[in-house]
Amino acid sequence: MNAMFAIAAGIAVLATVMMITRPSAVHALLYLTVSLLAVAMVFFVLGAPFAAALEVIIYAGAIMVLFVFVVMMLNIGGEAEALENDWLKPAAWIGPSVLALLLGLELGTLAARGGLARSAATVIGPQAVGIALTGPYMLAVEIASFLLLAAVVAAFHLGRAVMRGV
Amino acid sequence: MNMLLILLLLIPAIGGVLAWLSGARHPDWPRWIAIFALAADLLLTLPLIGRAVMPGQSAWITSIDLPWIPQLGISFELNLDGLSLVLILLTIVLGLVSVVISWSEITERVGLFHANLLWATTGVIGVFLALDLFLFFFFWELMLVPMYFLIALWGHEHRFYAAIKFVIFTQGSSLLMLVAILALVFIHQRATGQLTFDYLALLGTKMSAATAFWLMLGFFIAFAVKLPAVPFHTWLPDAHTEAPTAGSVLLAGVLLKTGAYGLLRFVVPLFPAAAHEFAPVAMTLGVAGILYGALLAFGQNDMKRMIAYSSVSHMGFVLLGVFAWNTLALQGVVVQMLAHGVSTGALFILVGALQERIHTRDMRLMGGLWGAMPRLSGFGMIFAIASLGLPGLGNFIGEFLILLGSFRASVPFTVIASLGLVAGAAYALLLVQRAFHGRTAAQPGSAKPYDLTARHIAVMGGLVLAIIGLGVYPQPVFDQVAPGLAALQHEGTPPGNTPMEGQP
Amino acid sequence: MNAAAFAAFAPFTLLGVVTIAVMLLIAVRRNHHLAALSTIAGLLLCCIALPLAAPAAPIAVTPLFVVDGSVIFYAGLVLGSALVVAILSYAYLGGPEQGPREEYYLLLLTATLGAALLPASVHFASFFLGLETLSISLLGLIAYASPREESAEAGIKYLILGGASSAFLLFGMALIYADLGTMSFTQIGVLTRAGNPHDLFRLVGTAMILTGVGFKLSLVPFHMWTPDIYEGAPAPVTAFIAVVSKIAVFSVILRYFILADGQAGASLRAGLSMIAILSMLGGNLLALMQNNVKRLLAYSSIAHLGYLLVAFLAGGALGNEAAAYYLAAYAVTSLGAFGIVAQLSTPGAGRDADRMEDYHGLFRTRPFLAGSLALMLLSLAGLPPTMGFIGKFYLVASGVGAGLFWPVAALVLGSVIGIYYYLRVLVAMAMPVPAARSAAPPATAPLFGNVVIGVLLALLLMLGTYPAPAIALIRLTAGAVAG
Amino acid sequence: MHELLWLVPTLPLLGSVILMLGAGRLSTRAEAAAGALSVGFAAVIAFTIAGGFLLNPPAGAAYEQTLWRWFDVGGLSVTIGLRLDPLSLVMMLVITGVGFLIHLFATEFMEGEEGYGRFFAYLNLFVAAMLLLVLGDNFLTLYTGWEGVGLCSYLLIGFWWRDPANGLAARKAFIVTRIGDTALLIGLLLIASRLGTLNIAGAMHNAAQSWPAGSPLATLAAFLLLGGAVGKSAQLPLQTWLPDAMAGPTPVSALIHAATMVTAGVYLIARTHALFLLAPAAQYTVGGIGAATLLLAGFSALAQNDIKRILAYSTMSQIGYMFLALGVGAWGAAMFHLLTHAFFKALLFLSAGAVTMRLHHEQDIYKMGGLARRLPVAFWSFLIGSAALAALPLVTAGFYSKEAILSGAWADGSSGRVLWAAGVFGAFITGLYIFRAVFIAFFGEAHTEVSGRYGWRVILPLSVLSVLSVLGGLIELPPALGHVTLLSNLLAPVLPASKEAASVAPLLVASLAGLLGIGLAAVLYWRPARPPAETPLWRFWHAAAGFDWLYDRLLVRPVLWAAREGADDVIDSVYDAIAWTARTLHEHVRRTQNGRVRFYTAGLAIGSISLIAIAMIR
Amino acid sequence: MTAIPLDQGLGLAAALFALGLAGVLVRRNLLFMLMSLEVMLNAAGVAFVVAGARWAAADGQIMFILVLTFAASEVSVGLALILLMHRRNSTLDADASYHLRG
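If you read the sequences in order, they're chains U, B, H, V and G.
Counting with our numbering, you get residues 390 to 555 for the letters of the first sequence.
Counting with our numbering, you get residues 8 to 511 for the letters of the second sequence.
Counting with our numbering, you get residues 7 to 489 for the letters of the third sequence.
Counting with our numbering, you get residues 41 to 658 for the letters of the fourth sequence.
Counting with our numbering, you get residues 651 to 752 for the letters of the fifth sequence.
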């Protein structure tokens with residue numbers, strides 16, 4: 390077992406646990422960013438440097454910034470944190486946690502019992518990914534652009550509605 | 008000649024559309040269109056009468072077979088034999104009667120009413136003609152919709168409840184039939200490699216006894232609900248009671264007959280051995296229907312409900328006769344259907360007329376109507392007597408032949424069934440007593456009740472002649488349907504059994 | 007990607023071009039009519055272009071897509087339905103209403119693009135992308151900003167639930183990829199049939215994919231969002247979700263199971279049967295006493311998708327045919343039903359005309375729409391002379407042919423329950439006009455909306471009484487999907 | 041002349057149809073004319089045919105006329121045909137002759153009643169149906185007439201429809217007889233399926249061929265026919281309807297419930313005697329029923345105060361005699377008594393009617409009294425009728441026919457002696473009860489006003505029937521008294537000869553019994569005309585041994601209870617339960633649609649977890 | 651660069667996925683739910699990359715990129731919606747408004 394992988398994975402899981410239990414939105418966001426960075430580390434260990442870079446840039450960078458922006462905009466203060474603490478009573482979280490645990494157990498068992506081969510210890514760099522993207526996945530890129538277009542239009546429209554105060 | 012069968016369906020269907028569209032112009036237009044369409048249909052069928060008994064004629068008088076959904080082996084196959092012809096004549100005549108007696112009763116949405124009436128007639132005629140199983144099912148379902156509207160839109164107080172109940176019962180059971188039809192078709196396909204819904208091709212399909220039994224049951228339940236047989240009858244009192252007069256006439260006079268027709272045409276011939284084995288159960292249901300229907304008819308206060316339960320009783324005889332499956336019983340079934348159509352239809356017309364006059368169907372509020380409406384009461388008496396099976400009137404011929412036929416099949420069933428004659432007398436005379444005789448009750452209607460109008464008298468006179476004609480000279484009917492029934496009987500007798508024929 | 011493939015893919019390319027063109031048009035000049043008409047014209051063009059691609063079919067377009075008869079049928083159904091929705095939307099949004107309406111058409115186009123690509127997808131990447139393009143666009147459409155309170159709530163629900171279901175879908179895909187090393191349906195099929203030591207991965211993956219797909223198809227137990235979103239979304243969008251997204255997702259999962267999974271494994275088949283039965287019974291039971299017409303139709307669509315699963319489970323040529331015909335019937339009927347709801351509603355009213363009371367006396371006040379709705383409901387109930395009747399017949403035929411006893415039994419039972427609530431709506435329309443409304447001036451809807459309803463009605467009756475051409479077309483196109 | 045036979049039933053039918061169609065449009069005179077004359081013409085034709093028949097008997101002693109084929113199905117061919125043989129000839133003459141007299145009487149009796157035309161329409165229809173019954177050449181035609189007369193009986197009992205009690209009596213009559221009719225119908229089914237024909241003569245022939253004497257099938261068939269006869273002829277155990285049937289107008293009681301319809305059972309058994317000869321058990325039963333009924337009815341008649349009810353029980357009792365005769369094989373005697381009974385019982389009813397029509401329809405004999413002087417016509421007619429009923433020796437028709445029966449019984453071995461004893465005792469009671477009525481009603485003090493005078497249409501029928509009641513017996517005299525055998529000779533081709541008692545002793549005993557009864561009546565009822573005390577015994581017999589009570593508890597109430605309780609259709613509640621279940625399930629599942637997004641997500645997760653579990657557990 | 655056993659990689663993905671689901675289920679604040687959704691999507695991305703590493707192919711990473719695209723889209727539209735919701739209801743409580751039910 391690779392120590393790097395173990396450490397990174399452990400951090401990712403721990404940070405995620407922290408994230409879903411923090412009453413403060415800013416704290417949660419910070420933990421989430423830690424988790425994402427740890428995952429980027431895992432990607433690197435797995436020989437996917439391009440994915441690791443994207444994880445850092447887009448996830449931990451762009452998307453988290455969006456969240457921060459919204460949190461700032463909504464100006465969520467201590468009052469909200471108290472409310473969050475109130476909501477995080479055991480009665481509220483035991484049932485859902487059991488469900489999630491069940492799912493985790495199922496998938497974990499699957500991974501353990503699967504007995505799949507080890508990963509090929511080769512690095513798939515940005516070049517290989519780029520070639521695939523412009524080759525067989527060319528149309529995927531095109532469609533992804535429409536996906537983004539739709540998201541932009543939708544977000545723009547809804548955002549305008551927020552501004553207009555509809 | 009072949010186009011004739013298509014025309015038979017097209018004329019009322021198109022007539023319905025025209026009636027609907029013309030309703031906006033003048034309320035009388037749809038009425039005349041309906042009369043014209045049905046009369047045209049009647050004229051078309053008249054030349055067919057008597058052809059069944061011509062020498063050299065097969066049981067099928069005329070037929071037509073057009074491609075419809077060739078991909079699934081479904082064709083637009085219509086065939087007419089004497090049995091279909093007689094039932095179609097009944098349908099058209101009662102359709103005409105319904106139009107005439109609705110003249111003053113239906114004043115709202117006249118166009119749509121007559122459109123639905125004509126479409127229902129179309130569906131029923133289609134059921135009697137279709138020999139492709141899918142086409143049959145198509146018409147079987149088709150007649151449901153206009154009938155639903157007739158009840159739901161022009162019915163009485165609880166019309167929605169009754170209409171929905173009617174549809175759910177019939178629809179539920181007919182889906183079972185659909186499953187059975189398809190299973191039969193696939194079994195046939197597996198055996199022969201040919202995908203077809205053609206009745207004539209599916210006759211004699213080989214299958215295991217258990218399979219045949221279940222498929223037979225699928226068909227049987229659909230038809231037993233329509234007939235209706237106990238314990239599937241409970242939609243009928245509600246539907247009959249809440250329907251407008253024309254709806255009740257069509258329901259009782261025609262729609263119930265499709266159930267009996269289905270039993271005759273499909274259940275027994277397609278699954279002879281299974282039906283034979285099932286006969287004791289079916290006959291039990293028939294006998295139960297006779298007695299249970301009569302008992303409940305006896306207990307009702309609502310006049311229409313009473314007549315409705317009497318239908319259950321009468322149709323019990325039909326079920327008994329069908330499963331006795333010999334010539335006498337089957338001929339009896341045919342006459343019973345016709346006579347029940349006429350007599351019960353007439354009774355519903357009278358109740359409708361009564362309700363128009365005194366605004367109630369509750370017999371507790373009636374009594375002594377003979378004084379104010381002797382004609383209506385007299386006709387009521389005649390048809391009450393017909394329905395209790397007085398010899399000389401059509402119902403007796405039907406019941407007698409059914410009993411005679413079933414006597415050969417099973418003596419105990421026959422003996423119990425004949426108790427229905429006593430019970431029939433009990434409820435029919437109770438109806439006469441409570442409505443027409445006794446002290447004159449205070450009528451809820453403010454206006455002074457008036458007797459039947461000339462239009463009603465003409466209709467009722469015609470129906471009286473018909474029921475007497477059936478009673479004293481039914482032979483033409485027997486002759487018409489004999490070849491068709493003989494063919495059915497041949498198909499429907501399991502191998503190894505000899506058909507039960509006249510002499511012992 | 008050679009010239010032939012490019013030609014075959016042209017209709018989809020055209021749709022993309024239309025989308026961009028409309029976007030540019032909006033950028034140049036904001037005008038509702040212009041945006042709507044150009045959208046309608048563009049969709050019409052795509053519809054016309056689709057059969058032109060037929061000569062090249064079947065042909066693979068990059069490893070991600072294929073264009074064959076089945077694609078032409080299902081994509082045609084998607085595009086046609088989208089066209090109807092566009093016209094209905096134009097009628098719906100045409101009323102006096104503040105706020106920009108142009109983005110609506112843009113989102114409609116991207117949603118249609120995503121949906122139209124799904125039938126052509128033969129790869130997880132295209133499957134996922136098409137699905138998400140559809141979903142994200144729908145998110146915008148559902149929450150489409152209007153004075154209607156519920157829109158935002160519906161949007162949030164779709165956001166969270168849709169996101170979760172997509173995550174399940176993706177994880178499932180990843181498991182299968184981890185196991186087999188390929189994401190192409192055909193390759194997966196080849197490897198599966200060749201025998202696979204770690205079949206468990208594939209099965210669990212498929213189960214997770216089914217979760218995502220079951221959500222989109224609103225099958226029990228993934229159905230719970232359906233009524234809320236149907237109610238909350240503007241009526242034409244509801245029609246789009248109910249029809250277009252269902253057709254698209256169903257077609258892709260059908261292809262996936264035909265190409266990749268043959269028989270889906272006995273255990274998963276049992277699971278699917280259970281889902282089908284639960285959907286048929288649950289959907290109908292939920293609708294039973296429902297007093298909101300949009301919710302009622304939503305529950306009914308849950309049941310209908312359950313019915314459709316019977317054909318899916320039956321498989322084979324007959325099953326595929328049955329599914330194709332039933333989807334067509336379902337499309338015509340649901341578009342008609344929701345279209346009529348849309349014709350009766352205006353966004354300015356604060357809510358759509360979806361309460362049962364809104365339908366009282368409709369036979370008198372709006373006879374055409376009421377009559378049409380009546381026939382649509384009869385079709386949903388599976389009564390002749392409508393497409394629904396033939397469709398149900400087809401389904402039962404496929405089920406009986408494959409010997410699916412329990413699903414067919416549930417179908418029969420569900421249909422019987424269904425009759426009750428469809429007829430309840432009919433009854434409501436036959437009721438007297440409420441006093442409050444009889445005083446108000448008679449409302450009117452744009453004529454072209456009624457024309458569309460009329461066309462749907464004509465289709466419903468024509469293909470309900472003479473389905474042979476439709477079946478021939480299906481045999482020619484969708485029947486060719488066999489692996 | 042034979043060819044006109046079809047006119048005999050057709051004319052009354054025509055009269056009926058004319059009256060029905062003309063309802064409300066014809067004058068009273070025209071209605072009276074149509075009603076009475078149609079039967080009158082039928083009688084004229086019938087008598088002419090009879091003359092021809094007697095003078096020039098057709099070959100085989102039967103004349104058949106086929107009108108049309110009714111139906112021919114599955115090997116069973118039934119024609120509508122008439123068969124005139126001595127048996128039906130006698131019946132035809134009684135029906136048309138007595139029928140005409142009663143019609144004539146009724147034209148006056150019913151004057152001023154609402155529904156005058158309707159009355160004659162029903163009455164004519166009855167005559168037509170009765171003629172069809174006796175003339176029909178096959179069982180089904182017979183059954184048609186049989187049911188037809190039942191219907192007319194129902195219609196006429198309930199003629200005064202405004203009083204619900206009349207309707208109840210009418211329905212009771214129809215339903216009780218229909219129980220018997222149903223037995224008859226099952227008998228017909230048996231005959232048709234086993235003997236292959238419904239033609240009466242043919243069936244009798246086949247029965248003799250294929251069923252040995254005492255065979256179970258023959259016995260069963262005979263018992264089933266007996267069931268029909270018992271119902272129609274008001275014999276035990278289906279006798280309860282007849283007293284109530286007196287609710288109808290008196291001419292109806294005279295024609296239907298005394299002279300003709302109620303004797304149809306006797307006719308039926310006589311007609312099918314070949315079958316009964318094959319079934320000794322059934323035949324014994326006939327005799328036993330007859331004896332039991334005649335005694336029961338006699339005692340009951342003794343405890344009645346209503347003059348018509350007395351006559352009703354008397355009719356029951358006299359038909360009991362006829363059954364007794366049939367039971368001992370005295371076929372001719374039964375027919376003879378049927379004939380004379382038709383005369384004197386019609387006379388009794390008509391004269392009772394003549395009395396009540398002058399007393400404002402008062403029927404209680406204790407409210408009459410002293411009528412002998414004030415209504416001499418009615419008195420003498422009633423007296424003659426009573427004498428005939430009580431079988432006053434030598435001078436009445438009833439004496440000869442009753443003696444013929446008792447003589448036949450005496451000659452029929454030991455069991456016959458028992459029946460004979462019952463008959464003799466019955467004769468004693470007959471004299472007692474009828475002269476009780478005579479003394480109480482016609483002698484003593486007057487209690488009621490008398491008004492009006494009789495017209496010729498009342499006097500003529502009474503006179504003719506009086507003459508017949510006195511002289512009608514002369515057509516058949518016992519060996520001791522001149523040995524005239526006109527009737528037996530006539531019936532010889534169709535009925536086997538009856539045995540007769542050789543000695544005179546039984547004849548004397550029987551005569552004395554009747555006289556003793558009259559004498560006792562004179563002693564008991566000459567002076568004190570007080571209503572009897574209501575002792576339990578009196579109540580028992582007043583209620584005719586409580587059969588009504590018993591049937592009410594055993595049959596009527598349970599059925600009524602079931603009909604009332606079941607009126608809502610228990611089977612429907614099963615479907616209601618299904619509907620309820622669906623609605624309840626709906627209520628439960630709709631709770632899951634609570635609108636909470638996290639709950640929905642949980643549903644999604646549960647679904648997925650389950651699916652994965654299903655995938656993993658293989 | 652050592653080979654990582656696949657079960658461990660997928661185990662990590664599974665753990666993250668389950669945690670994300672738990673977050674969606676437990677939290678009532680829409681913002682947290684959206685974050686948890688991101689965790690779930692990210693977990694799927696991890697699974698893809700792990701799988702891609704097994705087969706030494708670029709497909710895994712490409713799928714990850716597509717997932718990333720989707721996640722970004724979802725977040726942008728989702729945040730806009732959350733803002734809209736907050737503007738209307740002044741709360742981020744997912745359970746605060748459920749007019750749509752029944």
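Note that beta-carbon positions come from the ideal geometry of N, C-alpha and C, so glycine has one too.
Since we're looking at a predicted model, the values are computed, not measured.
Anticipated Cβ contact below 8 Å, residue i with residue j, distance rounded
| i | j | result |
| --- | --- | --- |
| A289(B) | F330(B) | 4 Å |
| L122(V) | W46(V) | 6 Å |
| F475(V) | L411(V) | F475(V) to L411(V), Cβ: 15 Å. No contact. |
| A433(B) | F227(B) | Not confirmed; about 30 Å, so no contact. |
Within 9 Å, strictly: CB atoms of residue i and residue j
| i | j | result |
| --- | --- | --- |
| L731(G) | A122(H) | no |
| G660(V) | Y361(V) | A question about residue 660(V) goes unanswered here, because the residues of chain V that appear run from 41 up to 658. |
Residues that residue i bridges to, as DSSP identifies them
| i | result |
| --- | --- |
| V67(H) | F71(H) |
| Y236(H) | None, per the DSSP bridge assignment. |
| A137(B) | L85(B) |
| L124(V) | Y103(V) |
| F111(V) | V118(V) |
| R361(H) | N298(H) |
| D284(V) | None, per the DSSP bridge assignment. |
| L73(B) | F83(B) |
- Task: Mind checking the segment 468-489 of chain U against chain V and listing, in chain order, the residues whose C-beta falls within less than 8 Å of any C-beta there?
- Result: G484, P485, L488 and A489
- Message: For the segment 35-43 of chain B against the segment 107-125 of chain B, do three or more pairs of beta-carbon atoms, one drawn from each stretch, fall closer than 8 Å, so that the two count as touching?
- Response: yes
- Tell me, please, whether the segment 489-502 of chain B touches the segment 82-92 of chain B by the rule of three or more beta-carbon pairs shorter than 8 Å. yes
- Item | the segment 334-352 of chain H contacting the segment 406-423 of chain H, beta-carbon criterion three pairs below 8 Å | no
- Query: Got a sec: which bits of the segment 528-543 of chain U sit with their beta carbon under 8 Å from any beta carbon on chain G, in order along the chain?
  - Reply: A529, A533, L536, L537, A539, A540, V541 and A543
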